[in-house]
Every structure is written in C-alpha cells, then in structure tokens.
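What the sequence shown shows, in our numbering, is residues 4 to 311, in sequence order. No residue lacks a Cβ here, since even glycine has one placed at the ideal position from N, Cα and C. Since we're looking at a predicted model, the values are computed, not measured.
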Amino acid sequence: MKNRVEVERVLEQAIRNSEAYKDVGKLADYIPELANVEPDNFGIALVDVDGEIIVKGDDEIVFSIQSISKVIDLIMALEDVGREEVFSKVGMEPTEYKFNSIRPISDKAANPLINAGAISTCSLIRGSSTQEKFDRVIEKIGSLSNSEDVRFLEHIFLSEMETTDINRSISYYLKSIGIIDNDAEEVLELYVRNCSIGLNVKQLAHIAAVLANGGRSLDGKEQLVDKEVVKITLALMAACGMYEESGQYLVEVGFPSKSGVGGAIIGIVPGKCGICTYSPRLDRSGNSVRGLKVLEEISKTLNLNIFI
Ligand code: DON
4 MKNRVEVERV LEQAIRNSEA YKDVGKLADY IPELANVEPD NFGIALVDVD
54 GEIIVKGDDE IVFSIQSISK VIDLIMALED VGREEVFSKV GMEPTEYKFN
104 SIRPISDKAA NPLINAGAIS TCSLIRGSST QEKFDRVIEK IGSLSNSEDV
154 RFLEHIFLSE METTDINRSI SYYLKSIGII DNDAEEVLEL YVRNCSIGLN
204 VKQLAHIAAV LANGGRSLDG KEQLVDKEVV KITLALMAAC GMYEESGQYL
254 VEVGFPSKSG VGGAIIGIVP GKCGICTYSP RLDRSGNSVR GLKVLEEISK
304 TLNLNIFI
C-alpha cells in the first residue's frame with residue numbers, strides 16, 4: 004500500500020463522521036439471537052491485494068456472516084456444477100423485493116443473492132450429506148480467508164432454525180416447482196448453517212481481497228477461485244448485493260458489495276482491495292446503517308468507485 008498513512012487517516016475520519024449515525028437503525032431481531040448482540044460494536048478492515056491490512060475498531064469480534072454466505076454458496080455452486088446449470092435454476096436480475104420475499108419466484112428466483120436464490124445454489128453444492136457439504140463450505144472459507152479459525156455459531160443456527168418459517172416455505176416451494184432436487188429440509192439446514200458461520204472483519208476483508216485479486220491467493224501462489232466464477236460473482240454482487248438499495252448503493256459507493264443482517268458488509272474494489280465493515284444496526288433493507296455511511300465516505304475520499 005503506497006499511501007498507508009493517508010488510508011488510515013481516511014478510515015479514522017470516516018469512522019468519526021459515522022458516529023452521528025451510531026444510534027440509527029435496528030438489530031435483526033427476527034432471528035432472536037441476533038437481538039442479543041452488542042449494538043454499538045463497530046469494526047472495519049481493509050486488505051489490499053498484496054495482503055497488507057489496516058484495521059480499526061472492534062476487529063476481533065466474531066459475528067455471523069448471514070447473507071454474505073450467499074457469495075460463497077454461489078461460488079461453490081458455480082465450481083461444482085458450472086454456469087449453465089446454476090443459471091437454469093436461478094436468474095441474474097436485480098430485484099425490487101426484500102431479501103426474504105417469496106414473490107419473485109415464478110419459475111426461478113431472480114438472483115442468487117436473495118434468500119430464494121441462495122437456497123437454490125445451496126442445493127447444488129456437492130457432498131454426500133449435509134455435514135460433508137457444510138465441511139466443504141468451511142474449508143472453502145478457510146482457504147479464502149487464509150485462516151483456520153472459521154467458527155460455526157450454533158446458537159445463531161438453532162435460533163434461526165426455530166423461527167425461519169419464510170425460508171422453510173421458500174425451500175419447500177422451490178422443491179415443489181422442481182428447482183431443488185434434494186430434500187427441502189436438508190437444503191434449508193445447509194443454507195442456515197452457512198449463514199451462521201462466524202468470522203471477524205479481518206477474515207471477511209481477506210476473502211474480499213482474494214476476489215479483488217481475481218480469485219488468486221494474496222501471496223500469488225494459488226488460484227483459489229476460477230476467474231470466470233469471480234467475474235460472475237462480482238457482477239451479481241454489484242447488481243444485487245444490497246437488495247432493493249443496490250442501485251443507489253452502486254451510484255454512491257460504486258463497487259461490488261454484499262451485506263448480511265449480522266451487520267457486516269463486504270466490498271470488493273477489483274485490482275485494489277477488499278473491505279469489511281461491521282456495525283449491527285440495520286436499515287429497512289437489512290443493510291448496516293453505519294457500514295453504508297463509512298463505505299460511502301471512504302469510496303469518495305479514496306476514489307474507489309469503479310465507474311469513474
Ligand atoms: O435468511 C435469512 O433471513 C438470514 N439468515 C440472512 C438474511 C440476510 O443476511 C439479509 N442481508 N442483509
């Protein structure tokens with residue numbers, strides 16, 4: 004990183020400015036355990052494509068990645084069964100609907116980054132049992148985050164499984180229209196397990212940096228994700244990653260991103276860096292309020308918008 008001191012200063016300033024939004028937004032209490040997280044926690048990590056890292060705030064806190072797992076579900080489905088089969092089951096279009104809507108499903112979900120789409124991609128992940136599939140997901144996240152400490156937050160998983168009537172309905176509906184071939188309950192379990200994976204901002208920013216690096220490990224030694232898979236994933240993150248705020252977000256922030264109701268957002272600046280913010284108070288679309296503000300400011304100040 005050529006200008007480390009300057010980048011640090013910009014992050015610090017963006018964090019200070021975002022303090023005005025500290026109390027804005029609401030925890031994702033529709034998953035009971037998520038109502039128990041500390042609402043004021045805030046952390047950010049930026050990892051450049053050479054592996055240099057800057058962290059500020061609560062960088063050790065482990066939170067559930069929630070919908071950020073949809074990026075991994077998509078990558079693994081593309082790697083396991085290929086582009087043609089994936090997009091016979093799920094579309095590539097953004098949606099005006101909420102992330103847990105069952106409305107966009109007529110013959111298939113609008114895209115892989117809403118719940119119906121991610122449940123579809125989860126059904127394509129290979130393995131002889133849910134445990135084996137989940138072990139592969141954990142292994143993939145370990146390699147992308149360059150870390151062996153990938154946790155499974157069982158209390159979050161159990162809490163969501165008890166209350167996830169909408170996702171259960173979506174899963175059974177997808178089964179009934181022939182999108183899911185395997186058991187609807189098992190696919191639901193894998194989807195919710197993946198959402199309950201626990202990481203910190205450094206680990207997620209490292210995953211984002213690998214995607215920013217065209218899928219290559221940051222030491223340049225290994226192609227961890229095929230380039231074509233990265234291209235598809237980033238395009239869909241740009242178009243659909245922030246749900247019904249995706250268009251405005253792309254105008255204001257201007258790089259592929261994905262949010263989770265756990266409070267994290269990952270952003271990918273191709274060829275430059277990966278960023279992860281964590282702040283659990285959410286807006287109406289399920290995106291972190293403070294995370295959005297910080298990303299908007301650092302994108303503008305560091306000229307990270309990919310369109311200009
Ligand atoms: O399926 C759900 O509702 C959650 N496990 C994930 C939703 C989510 O993270 C939406 N993102 N902002």
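ask   = Taking the DSSP output, what are the residues bridged to threonine 280?
value = Under DSSP, threonine 280 shares a beta bridge with Ile47 and Ile268.
ask   = In whole angstroms, what separates the C-alpha of isoleucine 182 from that of leucine 227?
value = Between isoleucine 182 and leucine 227, the C-alpha separation is close to 28 Å.
request  = Please state if the CB of glycine 94 and the CB of glycine 120 are separated by a distance shorter than 9 Å.
outcome  = Contact flag set, yes.
key: 6 Å Cβ shell around cysteine 198 - same chain, five flanking residues per side excluded   = A distance below 6 Å between beta-carbons, with the five flanking residues on each side excluded, links cysteine 198 to the following residues of its chain, in chain order: Gln69 and Ser72.
query = Quick one: is the Cβ of cysteine 279 within less than 8 Å of any heavy atom of the ligand GTP?
reply = The ligand content of the structure shown is limited to the ligand DON, which means the ligand GTP is not among them.
inquiry  = Just to confirm, is the Cβ distance from glycine 294 to serine 302 under 9 Å?
reply    = In terms of Cβ geometry, glycine 294 and serine 302 do not form a close pair [threshold 9 Å].
query = Nearest to alanine 31 by CA position, among Asn306, Asn290 and Leu298, is which residue?
reply = Ranking the options by Cα distance to alanine 31, first place goes to Asn290.
ask   = Ordered along the chain, which non-local residues of its own chain (more than five positions away) have a Cβ less than 7 Å from that of valine 190?
value = These residues qualify, in order along the chain: Ile122, Cys125, Ser126, Ser174 and Ile183.
query = Quick one, which of Arg284, Asn170, Glu299 and Cys276 has its alpha-carbon nearest isoleucine 56's?
reply = The shortest Cα separation from isoleucine 56 among Arg284, Asn170, Glu299 and Cys276 belongs to Cys276.
task = Output the boundary residues of the beta strand (DSSP E) element that contains leucine 202.
result = Start and end: 200-202.
inquiry  = Restricting to Cα atoms, I'd like to know which of Phe160, Asn6 and Val65 is closest to threonine 280.
reply    = The shortest C-alpha separation from threonine 280 is found at Val65.
query = How long is the line joining the alpha carbons of serine 220 and serine 91, rounded to whole angstroms?
reply = The straight-line gap from Cα to Cα measures roughly 30 Å.
key: Closer than 8 Å: glycine 263 CB and nearest the ligand DON heavy atom   = Yes, the ligand DON has a heavy atom inside 8 Å of this Cβ.
message = Is asparagine 118 near the ligand DON - that is, is its Cβ less than 8 Å away from at least one heavy atom of it?
response = Relative to the ligand DON, the beta carbon of asparagine 118 is positioned inside 8 Å of a heavy atom.
task = Measure the alpha-carbon distance for leucine 161 versus isoleucine 34 and round it to whole angstroms.
result = Going by the C-alpha atoms only, they are around 10 Å apart.
ask   = Nearest to leucine 81 by alpha carbon, out of Gln206, Val232, Val74 and Gly201?
value = Comparing alpha-carbon positions, the option among Gln206, Val232, Val74 and Gly201 lying closest to leucine 81 turns out to be Val232.
request  = Can you check DSSP and say which residues form a bridge with alanine 17?
outcome  = Among the bridge pairs identified by DSSP, alanine 17 is matched with none.
task = Express the C-alpha separation of leucine 285 and leucine 156 in angstroms, rounding to a whole number.
result = Rounded to the nearest angstrom, the two C-alpha atoms are 20 Å apart.
query = For lysine 296 versus asparagine 20, is the C-beta spacing smaller than 9 Å?
reply = Against a cut-off of 9 Å, the Cβ pair of asparagine 20 and lysine 296 comes out as a contact.
message = The alpha helix (DSSP H) that contains glutamate 101, what's its start and end?
response = The sequence as given places lysine at residue 101; glutamate does not occur at that position. Neither: lysine 101 is in no alpha helix (DSSP H) and is coded neither H nor E.
key: Proximity test, glutamate 163 beta-carbon vs the ligand DON heavy atom, cut-off 8 Å   = Glutamate 163 Cβ: within cutoff of the ligand DON.
query = Are there 16 or more other CB atoms within 10 angstroms of the CB of arginine 7, so buried, or fewer, so exposed?
reply = Result: exposed.
message = With H, G and I counted as helix, E and B as strand and the rest as coil, what does DSSP make of lysine 5?
response = Lysine 5 falls in the coil class under three-state DSSP.
ask   = Alpha carbon to alpha carbon, how far is aspartate 76 from arginine 196?
value = Separation of aspartate 76 and arginine 196 (C-alpha to C-alpha, rounded to the nearest whole angstrom) is 11 Å.
ask   = Between the beta-carbon of isoleucine 159 and the beta-carbon of serine 67, is there less than 9 Å?
value = Yes, they are a contact pair.
inquiry  = For isoleucine 311, count the other beta carbons within 10 Å of its own beta carbon; 16 or more makes it buried, fewer makes it exposed. Which is it?
reply    = Exposed, by the Cβ-count rule.
inquiry  = Quick check: the Cα distance between glutamate 248 and isoleucine 47, rounded to an integer number of angstroms?
reply    = Whole-angstrom Cα-Cα distance: 21 Å.
message = What would DSSP say about leucine 285, mapped onto helix, strand or coil?
response = Looking at leucine 285 - three-state DSSP - the assignment turns out to be strand.
N-terminal and C-terminal residue of the alpha helix (DSSP H) that isoleucine 144 is part of = Element bounds for isoleucine 144: 133-148.
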